[in-house]
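Asks: Read left to right, the sequence shown gives residues 89 to 359 (the working numbering). Take a look at this one; I'll ask things after.
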Amino acid sequence: MNHQIGFIGGGNMAQAIIAGLLKSGRSSSDILVSDPNAECRKALSAMGVASFQDSAPVMAQADLVVLAVKPQIMDSVLASIADSVKKTQIIISIAAGITIRGIRRQLNDAENPVVRVMPNTPALIGEGMSALASDTELDDDIKEAVQKIFEACGHALWVPNEEAIDAVTAVSGSGPAYFFLMIENLINSGIRLGLSPDVAKALVIQTAKGAAGMVELSDVGPDVLRQRVTSPGGTTEAALHVFNEGDFADLVDRALIAARDRAGELSKDAP
Ligand SMILES: NC(=O)c1ccc[n+]([C@@H]2O[C@H](COP(=O)([O-])OP(=O)(O)OC[C@H]3O[C@@H](n4cnc5c(N)ncnc54)[C@H](OP(=O)(O)O)[C@@H]3O)[C@@H](O)[C@H]2O)c1
Numbered sequence: 089m090n091h092q093i094g095f096i097g098g099g100n101m102a103q104a105i106i107a108g109l110l111k112s113g114r115s116s117s118d119i120l121v122s123d124p125n126a127e128c129r130k131a132l133s134a135m136g137v138a139s140f141q142d143s144a145p146v147m148a149q150a151d152l153v154v155l156a157v158k159p160q161i162m163d164s165v166l167a168s169i170a171d172s173v174k175k176t177q178i179i180i181s182i183a184a185g186i187t188i189r190g191i192r193r194q195l196n197d198a199e200n201p202v203v204r205v206m207p208n209t210p211a212l213i214g215e216g217m218s219a220l221a222s223d224t225e226l227d228d229d230i231k232e233a234v235q236k237i238f239e240a241c242g243h244a245l246w247v248p249n250e251e252a253i254d255a256v257t258a259v260s261g262s263g264p265a266y267f268f269l270m271i272e273n274l275i276n277s278g279i280r281l282g283l284s285p286d287v288a289k290a291l292v293i294q295t296a297k298g299a300a301g302m303v304e305l306s307d308v309g310p311d312v313l314r315q316r317v318t319s320p321g322g323t324t325e326a327a328l329h330v331f332n333e334g335d336f337a338d339l340v341d342r343a344l345i346a347a348r349d350r351a352g353e354l355s356k357d358a359p
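If you want it as structure tokens, here you go:
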């Protein structure tokens, strides 16, 4: 029998995951959601998924409970479900900055398996990257059940411990914005070089996809791929020389350290 997956919060992220689950063949009868927002419940009904204003029916039936509410309200949501958590339930949080320790504390020091997940926005188009962590050694079947939820909207992998989630946040959580920035600037520069906006956008998008695909499929690293397209005295070398003059590697390094440190600060401040 399939696990019942319950979502507390049925907004953007929950809907992206649910859409993926349904697409991957999961039955809508395996999914339950609670969300006070009537618009959200309407959208979920349109997907054929049962949704409730209150969390009680979800907590009563779900084997896996995905906490998909904004971090600011996590405190009150945890307080509202604390007394209905069953010993066998697996608790999964996708809320940025909310620690497993904080979740356990709010749930009356629950000893349930708790998994913290950092997904990213491309999950909304089924291309997400989620990293999963727990504070205890989990059985393989639990790990597999949780991982499958997030593989429904992209890729998912486990990191060794929760501390790694701050680095994950810096790399893949905030990462889409770095690529948006690069893409935005490449398009703008292409336009400045005389290309039409449509042509510049098409060139940049396919180049980004192609480059990512080559890194994924190739048996050599991105450094070697870069060297292979950089002929001495050629155009690529001219451009890379300018990036290097601005110490691109150091800039990226400092940006990620700033994101990682900020993730740590936000976790400390979270309820
Ligand atoms: N979006 C991302 O790319 C991303 C990436 C990584 C992590 N996350 C995490 O994912 C979580 C959800 O983000 P999201 O973008 O899906 O937010 P969202 O669209 O605002 O969804 C949250 C939903 O929870 C509802 N809600 C409020 N109080 C509730 C309660 N007591 N019980 C049940 N549901 C309640 C909200 O209703 P109202 O609108 O009426 O308040 C809203 O529909 C956040 O914690 C965020 O940190 C998101």
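For every residue, glycine included, the Cβ atom is placed at its ideal position computed from N, Cα and C.
#1: So, do the region 206 to 216 and the region 254 to 261 have three or more beta carbon pairs nearer to each other than 8 angstroms?
#2: When the distance is taken between beta carbons, is C128 closer than 8 angstroms to G98?
#3: Which partner residues of L220 appear in the DSSP bridge assignment?
#4: Let me confirm a value: A326 is counted as buried when at least 16 other C-beta atoms fall within 10 Å, else exposed. Which label applies?
#5: Could you tell me the alpha carbon to alpha carbon distance between A148 and S172, rounded to whole angstroms?
#6: Does G190 come out as helix, strand or coil in the three-state DSSP assignment?
#7: Thinking C-alpha only, which one of T324, D151, A138, M135 is nearest V234?
#8: I need the DSSP call for V157, collapsed to helix, strand or coil.
#9: Looking only at its own chain, which residues have a Cβ that is under 8 angstroms from the Cβ of A250, when we skip the five neighbours before and after it?
#10: Taking the alpha carbon of F140 as the reference point, which residue from V121, L155, V153 has its own alpha carbon closest?
#11: Quick check on L226: does DSSP put it in helix, strand or coil?
#12: Return the chain-ordered list of same chain residues with a C-beta closer than 6 angstroms to the C-beta of A104, the five sequence neighbours on each side being excluded.
#13: For G185, count the other beta carbons within 10 Å of its own beta carbon; 16 or more makes it buried, fewer makes it exposed. Which is it?
#14: Can you give, in chain order, each stretch of the beta strand (DSSP E) that sits fully within the region 114 to 186 and has at least 3 residues?
#15: Around the Cβ of A123, are there at least 16 other Cβ atoms within 10 angstroms (buried) or fewer (exposed)?
#16: So, do the region 131 to 138 and the region 154 to 168 have three or more beta carbon pairs nearer to each other than 8 angstroms?
#17: Could you check where the alpha helix (DSSP H) with G108 kicks off and where it finishes?
#18: If you compare alpha carbons, which of F336, P264, R350, A170 is closest to G190?
#19: Look up G298 in the DSSP assignment and say whether it is helix, strand or coil.
#20: Is the beta carbon of A255 closer than 8 angstroms to that of I271?
#21: Check whether the Cβ of I182 lies closer than 7 angstroms to any heavy atom of ligand 1, and answer yes or no.
#22: Are the beta-carbon atoms belonging to A126 and V157 less than 8 angstroms from one another?
#23: So is the beta-carbon of K175 under 7 angstroms away from any non-hydrogen atom of ligand 3?
#24: Which partner residues of I96 appear in the DSSP bridge assignment?
#25: Would you say the beta carbon of V157 is closer than 7 angstroms to some non-hydrogen atom of ligand 1?
#26: For the alpha helix (DSSP H) containing G263, name the first residue and the last one.
Replies: Per the coordinate set shown:
#1: yes
#2: Here residue 98 refers to the residue found at position 10 of the sequence shown. Here residue 128 refers to the residue found at position 40 of the sequence shown. Contact flag set, yes.
#3: The residue given as residue 220 occupies position 132 in the sequence shown. Paired residues: V205, W246.
#4: To locate residue 326, count along the sequence shown from 1; it is residue 238. Per the 10 Å Cβ criterion, exposed.
#5: The residue labelled residue 148 in the question sits at position 60 within the sequence shown. The residue labelled residue 172 in the question sits at position 84 within the sequence shown. Taking the straight line joining both Cα atoms gives about 7 angstroms.
#6: On the sequence shown, position 102 is the one that residue 190 refers to. Three-state DSSP puts G190 in a helix.
#7: Here residue 234 refers to the residue found at position 146 when the sequence shown is read from its first residue. Closest in alpha carbon position to V234, among T324, D151, A138, M135, is D151.
#8: Numbered from 1 along the sequence shown, position 69 holds the residue referred to as residue 157. V157 falls in the coil class under three-state DSSP.
#9: Residue 250 sits at position 162 when you count from the first residue of the sequence shown. According to the sequence displayed, residue 250 carries Glu and not Ala. The answer, listed in chain order, is T187, I188, R204, A221, S222, D223.
#10: What you label residue 140 is simply residue 52 of the sequence shown in a count that begins at 1. Looking only at V121, L155, V153, the smallest Cα-Cα distance to F140 is reached by V121.
#11: In the sequence shown, counting from the first residue as 1, residue 226 sits at position 138. Three-state DSSP puts L226 in coil, outside helix and strand.
#12: Residue numbering aside, residue 104 sits at position 16 when the sequence shown is read from its first letter. Result list for A104: A211, L212, C241, in chain order.
#13: As a first step, residue 185 must be located in the sequence shown, where it is residue number 97. Counting Cβ neighbours within 10 Å, G185 comes out buried, since at least 16 surround it.
#14: Whole beta strand (DSSP E) segments, 3+ residues: 119 to 122, 138 to 140, 152 to 155, 178 to 181.
#15: Within the sequence shown, numbered from 1, the residue matching residue 123 stands at position 35. Ala is not the amino acid found at residue 123; the sequence shown has Asp there. By the neighbour-count rule (16 or more Cβ atoms within 10 Å), D123 is buried.
#16: no
#17: Position 20 of the sequence shown, counted from the start, is the residue given in the question as residue 108. Here the alpha helix (DSSP H) through G108 covers 100 to 111.
#18: For the purposes of this step, residue 190 is identified with residue 102 of the sequence shown, where counting begins at 1. Minimum Cα distance to G190 is reached at A170.
#19: Here residue 298 refers to the residue found at position 210 of the sequence shown. Correct three-state label for G298: helix.
#20: The sequence position of residue 271 within the sequence shown is 183, counting from 1. The sequence position of residue 255 within the sequence shown is 167, counting from 1. No.
#21: The residue labelled residue 182 in the question sits at position 94 within the sequence shown. Checking the Cβ of I182 against ligand 1 gives yes.
#22: The sequence position of residue 126 within the sequence shown is 38, counting from 1. The sequence position of residue 157 within the sequence shown is 69, counting from 1. Result no, Cβ atoms of A126 and V157 do not sit closer than 8 angstroms.
#23: Looking for ligand 3 in the displayed structure turns up nothing; the ligands present are ligand 1.
#24: On the sequence shown, residue 96 is found 8 positions in, with the first residue counted as 1. Residue pairing for I96: DSSP places it in a beta bridge opposite S122, L155.
#25: Here the question's residue 157 lines up with position 69 in the sequence shown. The answer is yes for V157.
#26: The residue labelled residue 263 in the question sits at position 175 within the sequence shown. Bounds of the alpha helix (DSSP H) holding G263 are 263 to 280.
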